[in-house]
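In full-length UniProt numbering, the protein residues as written are 1 to 345.
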Ligand code: F6P
């Protein structure tokens with residue numbers, strides 16, 4: 001059997017470990033041939049690939065980024081569904097002599113995996129995103145690393161904030177989900193966590209910050225990039241389109257900080273953590289999850305369980321149908337937010 005692996009979407013710490021896990025199992029144990037396409041679908045379209053064997057993946061587990069590169073180049077021309085012409089795609093697939101794909105990606109990639117499998121082109125999904133917003137799986141690799149980096153940033157901001165009696169606002173990633181803000185905020189003991197799923201009013205945010213000051217402390221506010229103040233209080237801060245043609249997020253901390261300062265009289269500073277959250281070596285948790293994901297995907301190819309995604313369910317990595325993940329954004333549930341909100345301020 002010959003498998004083609006590629007990465008699509010933003011990178012996520014653990015992608016290299018996932019490739020290594022898949023190769024160790026598929027090539028070494030099952031005797032498959034494996035190739036890796038460079039820069040996602042670009043490599044597939046342009047015939048840019050490398051052979052993947054044990055020596056190609058040596059030492060990859062702790063390495064950040066991804067050796068194959070990743071991109072948001074689309075797999076085929078046209079939109080979703082019936083508009084898509086798969087003729088050229090099928091010809092390429094046959095030319096490479098492939099029996100199936102292992103596709104490492106987030107929401108969009110799992111949608112493509114599902115579409116390919118429905119069209120008779122076998123695919124297995126390996127879910128990754130620092131945002132942890134993919135349905136069907138408890139955690140995606142990359143999330144734990146992003147949370148650890150954001151928690152460390154909170155620890156650092158706290159000491160300088162306390163020294164100057166300032167309110168510190170830290171903006172973290174997560175797109176439309178507040179998972180990174182929630183977990184990093186809990187780990188770092190933030191006094192306020194602002195999530196996209198749960199708008200709050202400026203007056204409420206200022207009340208929390210003031211009550212922290214009244215206790216003689218300085219506030220640490222974690223805000224997810226997708227958060228918007230309740231009502232029309234916050235100017236639109238979006239600054240163009242991202243690689244998907246969606247409005248680019250970010251910049252919310254820089255809008256919020258002066259509003260908090262004006263509303264409380266407390267000197268306030270904003271920090272945007274940005275891509276630091278995606279860079280560098282994955283945590284041990286992400287390395288293990290990614291390796292298990294790669295191995296499970298290789299085993300699923302052997303078993304012919306195409307059309308599935310390697311998902312973490314409890315402490316087991318299981319193959320689940322793409323339908324469980326695709327187009328189902330996993331957001332922070334109301335009870336999780338309510339539980340932390342009780343202690344804000
Ligand atoms: O989806 C992962 C993510 O890091 C989001 O948290 C963030 O909004 C986005 O990607 C940033 O994308 P880019 O790297 O294209 O700026």
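Beta carbons: idealized from backbone N, C-alpha and C, even for Gly. Note that this is a predicted model, so its numbers are computed, not measured.
Segment contact, 8 Å Cβ cut-off, at least three pairs: the region 133-151 with the region 10-20: Three or more Cβ pairs closer than 8 Å define a contact, and the region 133-151 meets that threshold against the region 10-20.
Presumed contact (8 Å Cβ cut-off) between residue 47 and residue 70, rounded CB distance: On the chain shown, position 47 is the one that residue 47 refers to. On the chain shown, position 70 is the one that residue 70 refers to. The pair is not a contact, with the Cβ atoms about 18 Å apart (cut-off 8 Å).
Which listed residue (139, 51, 214, 345) has its alpha carbon closest to that of residue 96: Here residue 96 is taken as the residue at index 96 of the chain shown, counted from 1. Nearest of 139, 51, 214, 345 to residue 96, Cα basis: 51.
Residue 15: CB within 7 Å of a non-hydrogen atom of ligand 1: The residue you call residue 15 lines up with position 15 of the chain shown. Checking every heavy atom of ligand 1 against the Cβ of residue 15, none is found closer than 7 Å.
Close Cβ partners of residue 1 (< 7 Å) along its chain, the five nearest in sequence each way excluded: As a first step, residue 1 is located in the chain shown; it is residue number 1 there, counting from the start. When the five nearest sequence neighbours on each side are left out, the beta carbons in the same chain lying within less than 7 Å of the beta carbon of residue 1 are those of 32, 99, 301, in order along the chain.
Nearest-angstrom Cβ-Cβ length linking residue 277 and residue 150, presumed shorter than 8 Å: Along the chain shown, read from residue 1 onward, the residue named residue 277 stands at position 277. Along the chain shown, read from residue 1 onward, the residue named residue 150 stands at position 150. Confirmed, about 6 Å.
Where residue 196 falls, given that 16 or more other Cβ within 10 Å makes a residue buried: Numbered from 1 along the chain shown, position 196 holds the residue referred to as residue 196. It is buried - the Cβ of residue 196 has at least 16 other Cβ atoms within 10 Å.
Candidates 6, 102, 262, 187, of which the one nearest residue 44 by Cα: On the chain shown, position 44 is the one that residue 44 refers to. When only C-alpha atoms are compared, the closest one is 6.
Residue environment, residue 27, which counts as buried when at least 16 other CB atoms sit within 10 Å: As a working mapping, residue 27 is identified with position 27 in the chain shown. Buried, because 16 or more other Cβ atoms sit within 10 Å of the Cβ of residue 27.
Contacting residues, own chain, Cβ-Cβ under 6 Å from residue 291 (five flanking each side not counted): Mapped onto the chain shown, residue 291 falls at position 291. A distance below 6 Å between beta-carbons, with the five flanking residues on each side excluded, links residue 291 to the following residues of its chain, in chain order: 17, 21.
Beta-carbon proximity of residue 289 to residue 135, cut-off 8 Å: Mapped onto the chain shown, residue 289 falls at position 289. Mapped onto the chain shown, residue 135 falls at position 135. For the 8 Å CB-CB criterion, residue 289 and residue 135 do not form a contact.
Residue nearest to residue 110 in terms of C-alpha spacing, selected from 60, 8, 88: Within the chain shown, numbered from 1, the residue matching residue 110 stands at position 110. Here the closest residue by C-alpha is 8.
Pair within 8 Å by beta-carbon distance, residue 346 and residue 340: Only positions 1 to 345 of the chain appear in the structure, and residue 346 is not among them; the question remains open.
C-alpha gap between residue 154 and residue 185, whole angstroms: Looking up residue 154 in the chain shown gives position 154. Looking up residue 185 in the chain shown gives position 185. It is roughly 8 Å from the alpha-carbon of residue 154 to the alpha-carbon of residue 185.
Closest Cα partner of residue 129 within the set 262, 173, 159: Within the chain shown, the letter at position 129 stands for residue 129. Measuring from the Cα of residue 129, the nearest candidate turns out to be 173.
As assigned by DSSP and simplified to three states, the class of residue 191: Taking the chain shown and counting its residues from 1, the one referred to as residue 191 is at position 191. In this structure, residue 191 counts as coil in the three-state DSSP scheme.
Same chain only: Cβ atoms within 8 Å of residue 139, ignoring 5 sequence neighbours per side: For this step, residue 139 is matched to residue 139 along the chain shown. The residues are 132, 289, 312.
Residue 10: CB within 7 Å of a non-hydrogen atom of ligand 1: If you number the chain shown from 1, residue 10 lands on position 10. Distances from the CB of residue 10 to the heavy atoms of ligand 1 include at least one below 7 Å.
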